[in-house]
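Visitor:
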Amino acid sequence: MLSGTPRPTWLTFDCYGTLIQWDEGLRAAMATVLAGKARAVDAERLIATYDRHEHALEQTPPHRTFRAIAGEALGLALRDLGAEVDAADAAVLTDAIGRMPPFPEVVDTLAALKRSGFRLCIVSNTDDDVIAGNVAQLGGTIDRVVTAEQAGAYKPSRRIFDFAHAALGVGDDAVVHVCASPHLDLVATRELGLRDVWIDRGTGRRPANGYRPRAVLPSLDGLPSLFRDAGWM
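If you count the sequence shown from 1, position 11 lands on -9 in the numbering used here, and the numbers rise without skipping.
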């Protein structure tokens, strides 16, 4: 529960899947990648295989840019499924990410939170240039963006959150983290003891080991009501 806890100065947000339509955008990007392949490959199998490789590479030293990791993960996934790899595949994917739009309720909700005096920060497993196109679609509501490129670490490592809080000049108790990713963000919030709100958009992904976040909402537009109930708005 959030009631009875101090009003946060900053709200931090996961980007892809929380603010930005990641699953929908990734399906479209992978369909584009597969359109020119001689071998028929199921797009959902490709996404699952890509996802596994991407997360493994993010946790494998040394730290590399998201563009580099995404390109390698896509190549590995295509080879695993018997499809040829084209030099342009990686750019098709990473360029598509920056064009992925926000969920319909996101911009208005962020604006309402900002009017209520919260400061808003994105903490994301990506590169500055990749996420720039997504942030540009959020109506000027975002005060700060912290990326894995800046922090030299990918979620669920605590290093990216420690970097973000140091950059914001606040302690953990001044932050509430809002996220949709159980296997990245909620793993980190559990380890760090951060107050968290899970946006469960019905993907079927569940928190690990029975973890229960402070609050669960089906979409971002429930935040103002949740925060009013907590006495913060």
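Here a beta-carbon is modelled for each residue, glycine too, at the ideal position from N, C-alpha and C.
Please state the DSSP three-state secondary structure of I102.
Guide: If you number the sequence shown from 1, residue 102 lands on position 122. If DSSP states are grouped into helix, strand and coil, I102 belongs with the strands.
Visitor: For P204, write down the residues that DSSP places opposite it in a beta bridge.
Guide: Taking the first residue of the sequence shown as 1, we reach residue 204 at position 224. None, per the DSSP bridge assignment.
Visitor: State the Cα-Cα distance for the pair V13 and T45, rounded to the nearest angstrom.
Guide: Residue mapping note: residue 13 aligns to position 33 of the sequence shown, counting from 1. Residue mapping note: residue 45 aligns to position 65 of the sequence shown, counting from 1. For V13 and T45, the distance between alpha carbons rounds to 21 angstroms.
Visitor: With DSSP as the reference, label A67 as helix, strand or coil.
Guide: On the sequence shown, residue 67 is found 87 positions in, with the first residue counted as 1. Looking at A67 - three-state DSSP - the assignment turns out to be coil, as it is neither helix nor strand.
Visitor: So, helix, strand or coil for H43, using DSSP?
Guide: For this step, residue 43 is matched to residue 63 along the sequence shown. Of the three classes helix, strand and coil, the one that applies to H43 here is coil, per DSSP.
Visitor: Enumerate in chain order the residues of its own chain whose CB-to-CB distance from E4 is below 8 angstroms, with the five nearest sequence positions on each side excluded.
Guide: Numbered from 1 along the sequence shown, position 24 holds the residue referred to as residue 4. Excluding sequence neighbours, E4 sits near M80.
Visitor: What residues in its chain sit with their C-beta under 8 angstroms from that of A91, if we drop five residues either side in the sequence?
Guide: Within the sequence shown, numbered from 1, the residue matching residue 91 stands at position 111. Closer than 8 angstroms at Cβ, skipping near neighbours: G119, T121.
Visitor: Evaluate contact between the region 56 to 76 and the region 97 to 105, counting only Cβ atoms and requiring at least three cross-stretch pairs below 8 angstroms.
Guide: no
Visitor: Report buried or exposed for A68, applying the criterion of at least 16 other Cβ atoms within 10 angstroms of its Cβ.
Guide: One-based indexing of the sequence shown puts residue 68 at position 88. Exposed, since its Cβ has fewer than 16 Cβ neighbours within 10 Å.
Visitor: What residue ranges within the region 99 to 160 form continuous alpha helix (DSSP H) runs of no fewer than 4 residues, ordered along the chain?
Guide: 108 to 115, 128 to 131, 138 to 148
Visitor: Let me know the secondary structure DSSP gives W212 once reduced to three states.
Guide: Along the sequence shown, read from residue 1 onward, the residue named residue 212 stands at position 232. Three-state result, W212: coil.
Visitor: Quick one: grab the DSSP three-state call for L197.
Guide: Here the question's residue 197 lines up with position 217 in the sequence shown. Three-state result, L197: strand.
Visitor: What span of residues does the alpha helix (DSSP H) with L14 cover, start to end?
Guide: Start at 1 with the first residue of the sequence shown, and residue 14 comes out as number 34. Counting along the chain, the alpha helix (DSSP H) containing L14 begins and ends at 2 to 15.
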